[in-house]
Amino acid sequence: MWLPCGCTSKYVASSFARRTLASYLHVSGRSRCNVAAFMPEAAGLEGVSGRAALRELSVSNSESFWAAVARHRLCWSTPFHTVQDCDLSRGKIKWFEGGKLNVSVNCLDRHVHTCPERVALIWERDERGSEMKYTYGELLEMTCRLGNLLRRHGVKRGDCVTIYMPTCPLAVASMLACARIGAAHNVVFAGFSADALAERIRDAQSSTVITVNQGVRGGKVTELKKTVDTAMQSCPTVKQVFVAMRTDNPVTMTARDIAMEEVREQKANQILEIQIQAVEGEFGIFEQITKRRKITVTHEMLKEDVVCEPAVMNSEDVLFLLYTSGSTGKPKGLVHTQAGYLLYAALTHRYVFSYHDGDVFGCVADIGWITGHSYVVYGPLANGATTVLFESTPIYPDPGRYWDMVERLKINQFYGAPTAIRLLLKYGDQWVNKYDRSTLKTLGSVGEPINTEAWEWYHRVVGDGRCPVVDTWWQTETGGICIAPRPSDPDAEIVPGMAMRPFFGINPVLMDTEGEVLTSNNTSGALCMAQPWPGMARTIHNNHQRFIDTYFQPYPGYFFTGDGAYRSEEGYYQITGRLDDVINVSGHRIGTAEIEDVVNQCPAVAESAVVGYTHSIKGQGVYAFVVLKKGIDVQEADLSRQLNGMVSEKIAKYASPDFIQFAKRLPKTRSGKIMRRVLRKVVESDLEGLGDLSTLDDPAAVQEIIQGHEKLLSKNRS
Ligand code: WTA
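The opening position of the sequence shown corresponds to residue 1 in UniProt numbering, with each subsequent residue numbered one higher.
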């Protein structure tokens, strides 16, 4: 059933599309030629005389656009019969129904057939200068062995496998192995705590987990397997944990654990020798060593066949769940499906970054976030690119790390977060200038607004003023980039700090407070999407009602992003920030309610309110107001430490409050609702902007909060 090169169906479909659609062309030969060079499948679309017309058609006749793109860019085992079947008012989103395909075939086999020696992954390990390259052939082999291993251990189509690993080749192979056998994956960021991991495993109903013995980041070892062990105490349904070896340090294995390390034969033999000596020398530790020997040399993966029959998946079968924060305490498992997601990740990767065959694409995001899914793994691999897996931090071992990597790996597109740019800017230009960055063609930014100073520095210093900077706006929910300065005409202007232009098929609108569409320019409102697109999330795992309530209820008939935006006189979009109680700390999204939930679990705490405030490097910092129960007598410093520890332990370190202000009471409305708007203004020291306080139950509470805030700031300064 799978075509030998994995591509025949594509060529059949696309040449068919070209032949039939070419007869409708009403465009001049020259522009047709330009469009054909820009996007081959678009040359056959009616009335497309240039890039602007193509963008218009992608919205006005989105079915023709997406059908042509899907036929051309994906390899199908059965073609789709219906391009889309969507009803935003009911949260119903279906693309390419009837179509059957396998995502791992699209990301691997078809490239292996044409160019098996092309490098798929460059693993930029934490240890500088020790990068490792994996060809498409090697990645396919790793994926197949892993797919067979999972199958042999009973993982079936439709199951959900949780992956708790740092950014490394085996993590990518794990994602693709799930895709190969039809299981969904649920990657949990390896910085999340045991509690956060357990909550996600339980909600996803995973019975299989894949992890590593230890992680290494910024020169520090993290005990990932131990964290999994702790999480397992509250995950009774997990039957098996596969453990890979990132370091040489053995970890305690339980009956549930299966060693799967991908170490080279030679290295394994060395380990075996050492351990056999130990066995011979000290009979007393025979038992222990035998166990360890089994773990080290079993090589579950090496036992497996290198051929793994790909599952034939429907377009709308689940590809993965990815948990993200919303405005209530419980993280939501957003669901992405096969064909639409992959197509959208691939198309945006190709056009926003102007990726061309042979380029080395360097997205430094962790695979635990959507950016890692779409622009480290799926988008680049679907396009046959060489993609970088960055395991380290921007300042390890020094602030030249990124640019040293750009020089060493000859990176052509660099995609990072504003928080890292702001941090590096403070270390000075010399760390950038030390390295040759002449390979760079496009610079990207994602995850939070990029302020003008950081944008200018990125453009002028990192890109030597010659690389376009694309500020890309999107979300876990959107699957891929929705608004970015490119693609556009090559010399079209780029305004610093603005995402600017909607991508193909994206139709943004701004809403006023009455829920009416704002039609004029130079205006701000709630950012919504008026049309579905293939990359959007399909539901929230096990909670479709929450999906509808969050995204489709606020503005019926539209997808609500949760962000506010400004549309300039020229029609360019600029994101102004979240409209809900979600904050963005170092590009990591976190619901303030999630932090409050943890703080409120402390027996001394009566209630709390968490808000974000502007932080010069992290973008936003976490500021917690805490009211203690009556009669509690504790040292505030001790309690602060305890609360910080609780948040790190229950969520992750990055969510831990930068400031904790103890207060006698919080400003509330007469109906008892905490007025967070007022708290936000206080922490931003914007007392002029406190606004209407007439609904406050007791205005004196605000004065107390202001005084407490000033006291905390001056204590912090001294
Ligand atoms: C914010 C990350 C301003 C926004 C890909 C969004 C941005 C949330 C930008 C999604 C940008 C992302 N400018 N804000 N270029 N990109 N955001 O789900 O508030 O982790 O709603 O996806 O990050 O965060 P998420």
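Don't be surprised by glycine CBs; every beta carbon is placed ideally from N, CA and C.
Span of the beta strand (DSSP E), counted from its first residue to its last, around residue i
i	result
Gly577	Tyr573 to Arg578
Phe390	Thr386 to Phe390
Trp123	Val119 to Glu124
Cys160	Cys160 to Tyr164
Ser445	Thr442 to Val446
Pro169	Pro169 -> not in any beta strand (DSSP E); alpha helix (DSSP H) instead, spanning Pro169 to Ile181.
Met511	Pro508 to Met511
Tyr351	Counting along the chain, Tyr351 falls outside any beta strand (DSSP E), though it belongs to the alpha helix (DSSP H) covering Ala339 to Val352.
Asn584	Val582 to Val585
Asp257	Asp257 to Ala259
Val678	Here Val678 belongs to no beta strand (DSSP E); instead the alpha helix (DSSP H) covers Arg676 to Val683.
Asn102	No beta strand (DSSP E) contains Asn102, which DSSP labels as neither H nor E.
Integer Cβ distance of residue i from residue j, believed to fall under 8 Å
i	j	result
Glu97	His81	7 Å
residue 778	Tyr458	Nothing in the structure corresponds to residue 778, since the chain is present only between 1 and 718.
Ile506	Trp533	6 Å
Val432	Val470	With a Cβ gap of about 19 Å, Val432 and Val470 do not count as contacting.
Ser392	Glu124	7 Å
Arg200	Pro331	7 Å
Leu334	Glu477	6 Å
Leu150	Ile181	6 Å
Tyr572	Met498	5 Å
DSSP bridge partner residues for residue i (one or two, in chain order)
i	result
Ser524	Tyr566
Met132	Trp123
Trp455	Beta-bridge pairing links Trp455 to no other residue.
Gln620	Thr614
Gly362	Phe414
Trp95	Gln84
Ala609	Phe625
Rounded straight-line distance, which links the Cα of residue j to that of residue i
i	j	result
Ala52	Ala530	19 Å
Ser616	Arg422	8 Å
Gly619	Gly525	22 Å
Glu570	Asn521	7 Å
Asn451	Val683	20 Å
Ser77	Leu176	18 Å
Tyr555	Met405	45 Å
Asp87	Ile411	41 Å
Leu54	Ala417	30 Å
Glu710	Thr576	27 Å
Asp305	Ala43	43 Å
Pro399	Val585	20 Å
Lys100	Ser671	54 Å
Arg157	Ser89	31 Å
Ala215	Tyr341	Note that residue 215 corresponds to Gly in the displayed sequence, not to Ala. Rounded to the nearest angstrom, the two C-alpha atoms are 29 Å apart.
Phe361	Ala593	36 Å
Val221	Asp85	48 Å
Ile651	Ser193	5 Å
Ser640	Ala345	42 Å
Unbroken alpha helix (DSSP H) run spanning residue i, endpoints
i	result
Asp549	His544 to Tyr551
His72	Ser62 to Arg73
Leu713	Ala700 to Arg717
Thr114	Arg110 to Thr114
Tyr396	Counting along the chain, Tyr396 falls outside any alpha helix (DSSP H), and DSSP gives it neither H nor E.
Thr592	Thr592 to Asn600
Thr230	Leu224 to Met232
Distance cut-off 6 Å: residue i Cβ against heavy atoms of ligand 1
i	result
Glu131	no
Ala184	no
Ala499	yes
Arg578	yes
Arg589	yes
Pro449	yes
Trp474	yes
Ile660	no
Thr135	no
Asp581	no
Asp698	no
Ile575	yes
Thr324	yes
Tyr371	Just to set this straight, residue 371 is Thr in the shown sequence, not Tyr. Yes, since a heavy atom of ligand 1 falls inside the 6 Å radius drawn around the Cβ of Thr371.
residue 726	Any property of residue 726 remains undetermined from this structure, which presents the chain solely from 1 to 718.
Val446	yes
Asp597	no
Asp563	yes
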